[in-house]
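Asker: Before we start, here is the structure in question, set down as structure tokens.
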Amino acid sequence: MRIRRNIVVALLALFSLQSYAEEGMWLPSLIGQTKLKDMQAKGLKLTAEDLYSINQASLKDAIVTLGGCTGEMISGEGLFITNHHCGYGNIQSHSTVEHDYLTNGFWAANKQEELPNPGYTASFLVKMEDVTEDVLKGVKPDMDEAKKDEVIAKNKESIIARATKNNGYNARIEALYYANQYFLFVFEKFEDVRLVAAPPSAIGKFGGDTDNWMWPRHTGDFCLFRIYADKDNKPAKYSPDNVPYKPKKFFTISTKGVKEGDFTFIYGYPGRTSEYIVSDAVKYIAEEGNPHKIKLRTIRLDIMNRYQAKDPVVRIQYAAKNAGVANKWKKMQGEAKGIEKLGVVAEKQELENRFQEWAAGKPEYENLLPQFRELYAEVRPLDFAFDYYTEGFNGIELMSFAANFASLDASLTKEKAAALKERVKTFYKNYYQPIDQESAKALMAEFVKNVPAEFQPAVLKENAGNLDNWIDGLFTETILLDSSKVYRILDGDPSEIAGAMANDIAVQVNKSFVDFYKENVIGKRDVLNSRIEKLYTAYMKGLMEMQPDHVFYPDANSTLRIAYGKVDGFNPSDAVRYKCYSTLEGIMEKDNPEIYDYNVPQRLRDLYEAKDYGRWEVNGTVPVAFIATNHTTGGNSGSPVINGNGELIGVNFDRCWESTMSDIKYDSDLCRNIAVDIRYVLFLIDKYAGANYLIEEMKLN
Ligand code: ARG
Ligand code: GLU
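Structure (structure tokens):
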């Protein structure tokens with residue numbers, strides 16, 4: 000009896016340890032050794048070399064990282080596609096009330112009309128390689144941690160120097176599996192990237208924050224950019240003489256569509272996941288971190304929304320800020336629910352119990368979990384205070400602005416002063432004081448109410464009884480909100496800027512807050528976190544030893560990955576079944592001129608009325624978006640969704656709300672990425688915008 004039960008327990012354990020087939024974000028250069036066979040069994044027709052090669056053009060050469068988003072080449076003339084929400088800041092920066100590209104969309108009629116975006120870059124991965132041995136060269140087991148870190152840092156520096164010598168590339172080394180492995184990533188970065196096309200927000204952001212992170216979805220979340228290069232096809236600063244870049248590889252677009260069960264994969268730059276964290280960390284996120292951060296963001300959003308609805312100038316000024324705050328706000332809510340629903344804390348605890356049993360008698364591992372427990376208990380109050388500091392204090396725009404000046408000294412160079420002036424300009428362009436002042440009062444009230452006294456700086460304690468007056472005084476007395484004064488100082492002698500700003504009341508408040516936090520929270524928290532990181536290095540190694548047959552994927556860290564799965568509907572809750580695709584019918588069902596997020600552009604209504612779908616019609620309508628089981632995260636926005644032949648079928652832009660815990664725990668029944676169907680994109684370019692010349696440079700199949 001006892002034996003039988005043990006077998007059942009062991010089998011259950013084995014099952015929950017194995018990742019689901021769809022789970023994982025894999026390193027392309029290792030795909031042949033890890034997942035290629037499985038991918039091929041499920042429908043991939045390509046070889047490992049087709050996916051990733053340094054000797055011949057491969058799919059990796061059609062992917063760009065845009066710093067936080069992904070894009071993919073879709074023509075031989077430097078054209079790439081990404082999400083509307085990825086280009087949003089650029090679209091906003093070209094928009095004015097008179098030329099409102101956010102509202103009306105933008106379609107360059109020819110290359111001369113494409114709009115440059117200073118500071119916006121697109122990088123191709125040249126190669127990636129395992130450099131673990133070189134990074135750890137000279138590291139001895141008996142060295143203390145500081146010494147080890149020093150040796151590793153030196154090694155990294157010289158590897159990077161070697162990889163970037165005389166080739167104009169840049170490189171970084173990233174730790175994988177909690178520093179059990181190191182990889183070098185070499186990039187070629189292009190700096191002349193121009194906006195080619197964007198649909199109106201009523202298409203590109205259709206459903207807005209109401210539908211964000213949700214299925215069924217009907218967002219035409221795409222925009223187009225073009226990379227320009229010098230005459231030798233090499234990166235160059237913006238110049239009218241630059242020419243369209245010729246990529247080594249670009250995607251063929253499939254117009255044949257997708258159906259339930261089809262194999263798909265995603266190639267892109269997922270930002271960050273934490274799949275291996277211990278139960279204590281998950282508990283903090285679900286029970287404390289997320290709820291408090293959500294509350295602080297709700298406060299800011301309510302205030303922004305109110306003022307934005309009243310004034311079209313403010314609506315544009317705060318468009319990207321609002322979207323950024325709202326996005327994570329909603330994601331955290333889904334994540335907390337998903338963690339709860341899946342019982343992730345209990346499941347992790349169960350894994351930890353097994354680990355502890357397995358580790359007994361193994362000195363390298365047997366003390367890890369008790370140490371985690373201790374360190375997490377110690378860091379918890381610091382995390383809490385830190386969350387209020389980043390989400391509350393730094394949520395006050397005046398304070399993050401003041402930080403620019405609080406950190407200056409007399410050594411400021413002319414170049415740095417010029418760069419500072421640029422930041423200052425952007426700040427004023429997108430700043431509306433009533434929003435910030437009202438937020439500041441509400442945020443500081445929450446701070447005083449929730450953060451323990453030991454983590455409140457003196458300046459806050461002194462004014463806690465009189466917050467509103469104190470904040471009004473701050474906003475009135477500071478010179479930072481008087482742009483002409485600030486510009487006058489910035490245009491003067493750079494060495495005197497710091498001095499001239501030092502006495503400003505906002506700069507002083509910022510400085511006392513920041514100094515207090517550095518000393519009492521951030522410094523201590525960093526020390527604990529680096530000890531926790533070291534535990535994870537050992538824990539990860541132990542998990543791998545404990546499950547030798549299991550293929551582990553490294554947590555996402557903004558490096559190039561492949562995820563694969565299939566087009567698939569799901570049951571989000573009892574009695575509800577979601578289909579795997581949406582259509583234009585759904586857009587018209589949602590259409591409501593009274594609701595900002597659902598106000599369909601008249602031109603799209605007209606096309607619908609006339610059923611003027613041209614070659615993009617499928618069963619009397621136009622497909623809009625679809626979902627699949629690919630394991631993705633933030634940063635995968637804009638990533639190509641690819642069929643078994645390596646053709647582009649969609650552009651990834653989101654996950655379902657029920658899925659957002661997949662950064663911590665993936666579940667194949669609930670986790671779905673959302674992509675805009677490439678046929679909807681083509682329909683919009685062709686029929687909505689009449690920009691057929693763009694389709695002509697693409698390769699359709
Ligand atoms: N949720 C998607 C992502 O994480 C889309 C965000 C677009 N922003 C928004 N606030 N609707 O990036
Ligand atoms: N929209 C997200 C992004 O900006 C992708 C959605 C996700 O987190 O999966 O990368």
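Letter by letter, the sequence shown follows residues 0 to 700 of numbering that gives the first Met the number 0.
Cβ coordinates follow ideal geometry from the N, Cα and C atoms, glycine included.
1) Could you tell me the alpha carbon to alpha carbon distance between GLU190 and ALA228, rounded to whole angstroms?
2) With distances taken between CB atoms, is the gap from PHE625 to VAL566 smaller than 8 Å?
3) Among VAL63, SER482 and THR69, which residue has its Cα nearest to the Cα of GLY637?
4) Do ALA555 and ASN629 have their C-beta atoms closer together than 8 Å?
5) To which residues of the same chain is TYR538 closer than 6 Å at the C-beta, ignoring the five residues directly before and after it?
6) Considering only the beta carbon of each residue, do ASN701 and ARG654 sit closer than 8 Å?
7) Do the region 392-412 and the region 479-496 meet, that is, are 3 or more Cβ pairs less than 8 Å apart?
8) For THR582, count neighbouring Cβ atoms within 10 angstroms of its own Cβ and tell me buried if that reaches 16, exposed if not.
9) Quick one: grab the DSSP three-state call for TYR306.
10) Consider the C-beta atom of SER636 and the heavy atoms of ligand 2; say whether any pair is separated by less than 7 Å.
11) With burial defined as no fewer than 16 other Cβ atoms inside 10 Å of the residue's Cβ, what is the status of MET716: buried or exposed?
12) Just to check, is the beta-carbon of ASP653 closer than 7 Å to a non-hydrogen atom of ligand 2?
13) Per DSSP, what kind of secondary structure is GLU476 in: helix, strand or coil?
14) Are the beta-carbon atoms of TYR760 and TYR552 separated by less than 8 Å?
15) Just list the beta strand (DSSP E) runs in the region 94-131, keeping only unbroken ones of 3 residues or longer that don't cross its boundaries, in chain order.
16) Measuring CA to CA, which of VAL508, PRO571 and VAL312 is closest to ASN393?
17) Going along the chain, which unbroken runs of the alpha helix (DSSP H) with 4 or more residues stay wholly within the region 490-551?
18) Can you have a look at GLY464 and say buried or exposed, based on whether 16 or more other CB atoms are within 10 angstroms of its CB?
19) For a quick check, are the C-beta atoms of ASP685 and GLY613 less than 8 Å apart?
20) Can you find at least 3 beta carbon pairs, one from the region 168-185 and one from the region 151-159, that sit closer than 8 Å?
21) Considering only the beta carbon of each residue, do LEU295 and ALA325 sit closer than 8 Å?
22) Among all the DSSP beta bridges, which residues are the ones paired with CYS222?
23) Considering only their Cβ atoms, is the gap separating PHE79 from PHE224 smaller than 8 Å?
24) Counting Cβ pairs, one atom from each stretch, are 3 or more of them under 8 Å apart for the region 276-296 and the region 596-614?
25) Looking at C-alpha atoms only, which residue of ILE478, LEU459 and LYS440 is the closest neighbour of ILE302?
26) Is it buried or exposed, LYS34, if we count other Cβ atoms within 10 angstroms and call 16 or more buried?
27) Classify ILE395 as helix, strand or coil using the three-state DSSP reduction.
28) Ignore the nearest five residues each way along the sequence and tell me which others in GLN355's own chain have a CB closer than 8 Å to its CB.
29) Throw me the rounded Cβ distance for the LYS318 and LEU65 pair, which I believe falls under 8 Å.
30) Name the residue from PRO239, SER57 and GLU274 whose alpha carbon lies nearest to the alpha carbon of ASP49.
31) Where do the N-terminal and C-terminal ends of the alpha helix (DSSP H) with TYR692 fall, by residue?
Answerer: To lay it out plainly:
1) In the sequence shown, the residue the question calls residue 190 occupies position 191. In the sequence shown, the residue the question calls residue 228 occupies position 229. Each residue's Cα considered, the two are about 8 Å apart.
2) In the sequence shown, residue 625 corresponds to position 626, counting from 1. In the sequence shown, residue 566 corresponds to position 567, counting from 1. Cβ distance < 8 Å, so PHE625 and VAL566 count as in contact.
3) Taking the first residue of the sequence shown as position 1, residue 637 is located at position 638. Here the closest residue by C-alpha is THR69.
4) Start at 1 with the first residue of the sequence shown, and residue 555 comes out as number 556. Start at 1 with the first residue of the sequence shown, and residue 629 comes out as number 630. For ALA555 and ASN629, no; Cβs fall outside 8 Å.
5) Within the sequence shown, residue 538 is the residue found at index 539, counting from 1. Closer than 6 Å at the Cβ level, and outside the excluded window around TYR538, lie LEU367.
6) Not covered by the structure: residue 701. The range shown for the chain is 0 to 700.
7) yes
8) The residue given as residue 582 occupies position 583 in the sequence shown. Result: buried.
9) Residue 306 sits at position 307 when you count from the first residue of the sequence shown. Looking at TYR306 - three-state DSSP - the assignment turns out to be helix.
10) For the purposes of this step, residue 636 is identified with residue 637 of the sequence shown, where counting begins at 1. Checking the Cβ of SER636 against ligand 2 gives yes.
11) Nothing can be reported for residue 716: it is not among the residues displayed for the chain, which extend from 0 to 700.
12) Residue mapping note: residue 653 aligns to position 654 of the sequence shown, counting from 1. Under cutoff, so the answer is yes.
13) Sequence index remark: in the sequence shown, residue 476 carries index 477 (1-based). It is helical.
14) Past the boundaries of the shown model lies residue 760; the chain is included only from 0 to 700, so the question cannot be answered.
15) 121-129
16) By 1-based counting over the sequence shown, the position of residue 393 is 394. The residue with the shortest Cα to Cα distance from ASN393 is VAL508.
17) 493-501, 504-516 and 522-545
18) Position 465 of the sequence shown, counted from the start, is the residue given in the question as residue 464. Result: exposed.
19) For this step, residue 685 is matched to residue 686 along the sequence shown. For this step, residue 613 is matched to residue 614 along the sequence shown. In this structure, GLY613 lies closer than 8 Å to ASP685 by Cβ.
20) yes
21) On the sequence shown, residue 295 is found 296 positions in, with the first residue counted as 1. On the sequence shown, residue 325 is found 326 positions in, with the first residue counted as 1. The answer is no: Cβ separation not under 8 Å.
22) What you label residue 222 is simply residue 223 of the sequence shown in a count that begins at 1. Note: CYS222 sits in a beta bridge opposite THR81.
23) Residue numbering aside, residue 224 sits at position 225 when the sequence shown is read from its first letter. Residue numbering aside, residue 79 sits at position 80 when the sequence shown is read from its first letter. It is a contact, given that the beta carbons lie within the stated cut-off.
24) no
25) Mapped onto the sequence shown, residue 302 falls at position 303. Here the closest residue by C-alpha is LYS440.
26) Locating residue 34 in the sequence shown gives position 35, where the first residue counts as 1. With 16 or more Cβ atoms within 10 Å of its Cβ, LYS34 is classed as buried.
27) Translated into positions along the sequence shown, residue 395 becomes position 396. It is coil, neither helix nor strand.
28) Position 356 of the sequence shown, counted from the start, is the residue given in the question as residue 355. Taken in chain order, the residues that qualify are GLU365 and LEU368.
29) What you label residue 318 is simply residue 319 of the sequence shown in a count that begins at 1. What you label residue 65 is simply residue 66 of the sequence shown in a count that begins at 1. It should be noted that the sequence gives Ala, not Lys, for residue 318. Going by Cβ atoms, the distance from ALA318 to LEU65 rounds to 19 Å, so no, they are not a contact pair.
30) Counting from one through the sequence shown, the residue named residue 49 turns up at place 50. Closest option to ASP49, Cα to Cα, is SER57.
31) Sequence index remark: in the sequence shown, residue 692 carries index 693 (1-based). From DSSP, the alpha helix (DSSP H) with TYR692 extends over 691-695.
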